[in-house]
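Q: Numbering (full-length UniProt numbering), first residue to last: 1 to 195.
Built from N, CA and C at the ideal position, the CB exists for glycine as well.
If you're wondering where the values come from, they're calculated on a predicted model, not measured in any experiment.
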Amino acid sequence: TETLGLEYIERIAAPAIQETIKQITAQYNAEDLILRRDEVKNAITVSLSARLLERGIITEAVSITNFQFSETFTAAIESKVAAEQAVLEARNKLERVKVEAEQREEEARGEANARIAKAEGEAKYIQIVTDAQVAANESIVESLTPEILQYILLDRLGEDIKIIIIPSGQNLDLVIPQIDALDKSPDTVPSQDNP
């Protein structure tokens, strides 16, 4: 075996580090190197530790402090990230607009349902009142006999009416109350003997 002394860094460690980094980073595209940094670090650590251990060097830790890319590539990645962020913001805004529209639609539907329920309630109330009125009218009609109708007619004519004209063909039975029942003064009762 050869003794390297302090040259082990230049002759063993540095080439192993460079070769391992090239080997592992070649498996990822540049964007993934940034986005999956921890995964890349772990792969480098495992590979480098195994390689250095063969030469008797124990790796305690690996740190990836900075990936260096060309300025053009870095700007392109930053633009892509900014564009993706803008897309996410636009999607979030669209979702918010959709949710707000759904809320307005639900409120309108609720308002419409309330109006329908109110109209149905009012219609039901009107139907109940109408049915009650019809039943009351039917009861009144059933209780009105021809005699009662004639009595109401005479009662409405009043005390001053002395002549009643009945159209021909009406078949009205005329009930004439006794005059003394309407007027109790003796000089207004006509005699049967006097024409």
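#1: The alpha helix (DSSP H) spanning residue 69 covers which residue range?
#2: Who are the near neighbours of residue 103 in its chain, counting only those whose CB is closer than 6 Å to its CB and skipping five residues on each side?
#3: Does the distance from the C-beta atom of residue 51 to that of residue 16 stay below 8 Å?
#4: Going straight from the alpha carbon of residue 130 to that of residue 139, what length do you get?
#5: Residues in the same chain with beta-carbon distance under 7 Å from residue 48, minus the five sequence neighbours each way, listed in chain order, please.
#6: What first and last residue would you give for the alpha helix (DSSP H) that runs through residue 26?
#7: Please go through the same chain and pick out, in chain order, the residues whose beta-carbon is closer than 8 Å to the beta-carbon of residue 80, but skip the five residues on each side of it.
A: Short version:
#1: The continuous stretches of alpha helix (DSSP H) do not include residue 69, and DSSP gives it neither H nor E.
#2: Taken in chain order, the list of residues that qualify is empty.
#3: Yes, the pair counts as a contact, with Cβ atoms nearer than the cut-off.
#4: The alpha-carbon atoms of residue 130 and residue 139 are separated by roughly 14 Å.
#5: Taken in chain order, the residues that qualify are 16, 17, 20, 59, 62.
#6: Annotation: residue 26 is outside any alpha helix (DSSP H) and is labelled neither H nor E by DSSP.
#7: 31.
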